[in-house]
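Below you'll find the structure, written out as structure tokens, and then a few comments.
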Amino acid sequence: MITIQFAARTARWAEYEAPLRAALEARDLQYRMANYTDEAQLPPAEVDYIVYAPNSHLQDFTPYTRCKAVLNIWAGVEEVVHNPSLTQPLTRMVDHGLTQGMVEWVVGHTMRHHLGMDADITRQDSTWDRHVPPLAEERPVTILGLGALGTACGQALTRLGFPVRGWSRSPKSVEGIETFSGDAGLARALEGAQVVILLLPATPATENVLNAETLRLTAPGAFVLNPGRGPLIDDDALLAALDAGQIGHATLDVFREEPLPSEHPFWAHPKVTVTPHIASETRASTASTVIAENIARGEAGQPFLHLVDREAGY
Ligand code: NAP
């Protein structure tokens, strides 16, 4: 009998319980599972797996002496990866729903800027002002982060005709995408980009990757999309680049502080679009299948999928 502790915000339990049970049962796993609340917890020393969200009340992993893995339901792990009480393997979420959601958000916002849709939507004032956008093939896009999400978004944009460059920590080969890696590759990846999309994790090494110096490398009037994490951008440098016209518009989904405080200049800036961290959400239906697969792997002594590199922080 496998013992599974679900530890996320209470609303998530209602969302996850049925699909998780269905996914575990589809794999013929014999289990008991409960939500983590202050009143009703499984005895920690009996727990084999923790299905986890970093904003859970469970923050001390020390009593979970038998736990084989902590299975994060978020893609980002920056809020748990440095927890000193966590000695168990940690996995992050990679699943179809999360990837597809991100592809849709990135393609939608890229197309908005590429086609200049705002002018048509906001200028219904009898002005016959023909603005013809370039073709996608004339609009270079750079994606910083070529992991599960960056690669899928890059490939979707490639299929639409955009020339796509991508940047990662280690060298990568992705069909249709020109790839760069490491500190030395960053400038070459950004040089002349008209759309820059951030899909990096938040780590000490990625903080402020878009700063005054790197923003200057883009084509004048470039668009920035950040569905990655807030600390990837030096906010003041971005505001200065927007005011100077070096950046034409920034569409931002994630911020150093969330919710974005009402007094933050991003809210009022005419060249900034704020979306409230909705670029892509983990969907219980598809994520449950990945969680059940990892539990089955753990039970079969196979390596876990999507293991976090604790040293790299993602
Ligand atoms: P992932 O598969 O771990 O990919 C991360 C990518 O970033 C990899 O290509 C990695 O390089 C690269 N990278 C990491 N550190 C780097 C560095 N110092 N220099 C250059 N490249 C570096 O992650 P993912 O699943 O694609 O997700 C990316 C991020 O999206 C998550 O961490 C999360 O913060 C964010 N996210 C946001 C939302 C939302 O709703 N806004 C939803 C889901 C995820 P290697 O390939 O060499 O490892």
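In this text, residue positions in the sequence shown follow this note's numbering: the first is 548, and each later residue adds one. From the three backbone atoms N, C-alpha and C, an ideal C-beta is built for every residue, glycine too. In this text, all values refer to a predicted model and were calculated from it rather than measured experimentally.
Let me check one thing: in DSSP terms, what residues is A769 bridge-paired to?
One-based indexing of the sequence shown puts residue 769 at position 222. BP columns for A769 point to I794.
For the alpha helix (DSSP H) containing Q647, name the first residue and the last one.
For this step, residue 647 is matched to residue 100 along the sequence shown. It spans H643 to L662 - the alpha helix (DSSP H) in which Q647 sits, taken as one unbroken run.
Quick one, which of A839, N582 and S720 has its alpha-carbon nearest E572's?
Taking the sequence shown and counting its residues from 1, one reaches residue 572 at position 25. Nearest C-alpha to E572: A839.
Indicate the three-state DSSP secondary structure (helix, strand or coil) for Y498 in the structure shown.
Here the chain comprises residues numbered 548 to 861, so residue 498 is not present and cannot be evaluated.
List the endpoints of the continuous alpha helix (DSSP H) containing R706.
Residue 706 sits at position 159 when you count from the first residue of the sequence shown. Taken as a continuous stretch (DSSP letters only), the alpha helix (DSSP H) holding R706 covers A695 to R706.
Could you say which of P823, P817, D790 and A815 lies nearest to F802 if we only look at CA atoms?
Here residue 802 refers to the residue found at position 255 when the sequence shown is read from its first residue. The shortest C-alpha separation from F802 is found at P823.
The ligand NAP and L807: does the residue's C-beta get closer than 7 Å to at least one heavy atom of that ligand?
Your numbering for residue 807 matches position 260 in the sequence shown. Result no, Cβ not under 7 Å from the ligand NAP.
Going by the C-beta, is Y525 closer than 7 Å to any heavy atom of the ligand NAP?
It is not possible to answer for residue 525, since the shown part of the chain is limited to 548 through 861.
T674 - DSSP class collapsed to helix/strand/coil:
Working through the sequence shown from its first residue, we reach residue 674 at position 127. Residue state, collapsed to three classes: coil.
Is any non-hydrogen atom of the ligand NAP found closer than 7 Å to the C-beta of M664, if you look at the structure I gave you?
Start at 1 with the first residue of the sequence shown, and residue 664 comes out as number 117. No.
Can you find at least 3 beta carbon pairs, one from the region 724-738 and one from the region 807-814, that sit closer than 8 Å?
no
Within the present structure, is the beta-carbon of S603 separated from the nearest heavy atom of the ligand NAP by less than 7 Å?
Locating residue 603 in the sequence shown gives position 56, counting from the first residue. Incorrect: S603 has no Cβ contact closer than 7 Å to the ligand NAP.
Please determine, among E805, A759 and V742, the residue with the shortest C-alpha to C-alpha distance to R776.
As a first step, residue 776 must be located in the sequence shown, where it is residue number 229. Closest option to R776, Cα to Cα, is E805.
Is S720 a contact residue of the ligand NAP, with contact defined as CB to any heavy atom under 7 Å?
As a first step, residue 720 is located in the sequence shown; it is residue number 173 there, counting from the start. Outside the cutoff, so no.
Would you mind sorting I744 into buried or exposed? The rule is 16 or more other CB atoms within 10 Å of its CB.
If you number the sequence shown from 1, residue 744 lands on position 197. Flag for I744 reads buried.
Does the beta carbon of H824 fall short of 7 Å from some heavy atom of the ligand NAP?
Within the sequence shown, the letter at position 277 stands for residue 824. Checking every heavy atom of the ligand NAP against the Cβ of H824, one is found closer than 7 Å.
Assigned exposure category for V679 - 16 Cβ within 10 Å defines buried
Here residue 679 refers to the residue found at position 132 when the sequence shown is read from its first residue. It is exposed - the Cβ of V679 has fewer than 16 other Cβ atoms within 10 Å.
Using 8 Å for Cβ pairs, my map puts V688 next to T646. What's the rounded Cβ distance?
Translated into the one-based positions of the sequence shown, residue 688 becomes position 141. Translated into the one-based positions of the sequence shown, residue 646 becomes position 99. With 8 Å as the limit, V688 and T646 do not qualify as a contact, their Cβ atoms being about 18 Å apart.
Count Cβ pairs between the region 735-743 and the region 765-780 that sit closer than 8 Å; are there 3 or more?
yes
Evaluate R706 with the Cβ neighbour count: other Cβ atoms within 10 Å of its Cβ, from every protein chain shown; 16 or more gives buried, anything less gives exposed.
Locating residue 706 in the sequence shown gives position 159, counting from the first residue. Counting Cβ neighbours within 10 Å, R706 comes out exposed, since fewer than 16 surround it.
Evaluate S632 with the Cβ neighbour count: other Cβ atoms within 10 Å of its Cβ, from every protein chain shown; 16 or more gives buried, anything less gives exposed.
Against the sequence shown, residue 632 aligns to sequence position 85. That one is exposed.
When the distance is taken between beta carbons, is L605 closer than 8 Å to Y583?
Taking the sequence shown and counting its residues from 1, the one referred to as residue 583 is at position 36. Taking the sequence shown and counting its residues from 1, the one referred to as residue 605 is at position 58. In contact: Y583 and L605 (Cβ atoms closer than 8 Å).
Excluding the five sequence neighbours on either side, which residues of its own chain have a C-beta within less than 6 Å of the C-beta of A843, listed in chain order?
Taking the first residue of the sequence shown as 1, we reach residue 843 at position 296. Hits under 6 Å: R574.
Can you tell me which of N773, R763 and L799 puts its alpha carbon nearest to the alpha carbon of A791?
Indexing the sequence shown from 1 puts residue 791 at position 244. Cα-wise, what sits closest to A791 is R763.
For E840, report the span of its alpha helix (DSSP H) as first-last.
Sequence index remark: in the sequence shown, residue 840 carries index 293 (1-based). Counting along the chain, the alpha helix (DSSP H) containing E840 begins and ends at A831 to E846.
Coil, strand or helix - I668 by DSSP
As a working note, residue 668 is residue 121 in the sequence shown. In this structure, I668 counts as helix in the three-state DSSP scheme.
Output the boundary residues of the beta strand (DSSP E) element that contains G729.
Start at 1 with the first residue of the sequence shown, and residue 729 comes out as number 182. No beta strand (DSSP E) contains G729, which is instead part of the alpha helix (DSSP H) from G729 to L737.
Can you list, in chain order, the residues of its chain whose CB lies under 6 Å from that of V721, leaving out five sequence neighbours each side?
For the purposes of this step, residue 721 is identified with residue 174 of the sequence shown, where counting begins at 1. So the qualifying residues of the chain are T698.
To the nearest whole angstrom, what separates the beta carbons of P591 and P610, a pair I think is in contact under 8 Å?
Within the sequence shown, the letter at position 44 stands for residue 591. Within the sequence shown, the letter at position 63 stands for residue 610. The Cβ separation is near 4 Å, so the contact holds.
Option in Y596, E562 and Q793 with minimal Cα separation from F851
Position 304 of the sequence shown, counted from the start, is the residue given in the question as residue 851. The residue with the shortest Cα to Cα distance from F851 is Y596.
Have a look at L696 and A622 and give me their C-alpha separation to the nearest angstrom.
On the sequence shown, position 149 is the one that residue 696 refers to. On the sequence shown, position 75 is the one that residue 622 refers to. The alpha-carbon atoms of L696 and A622 are separated by roughly 10 Å.
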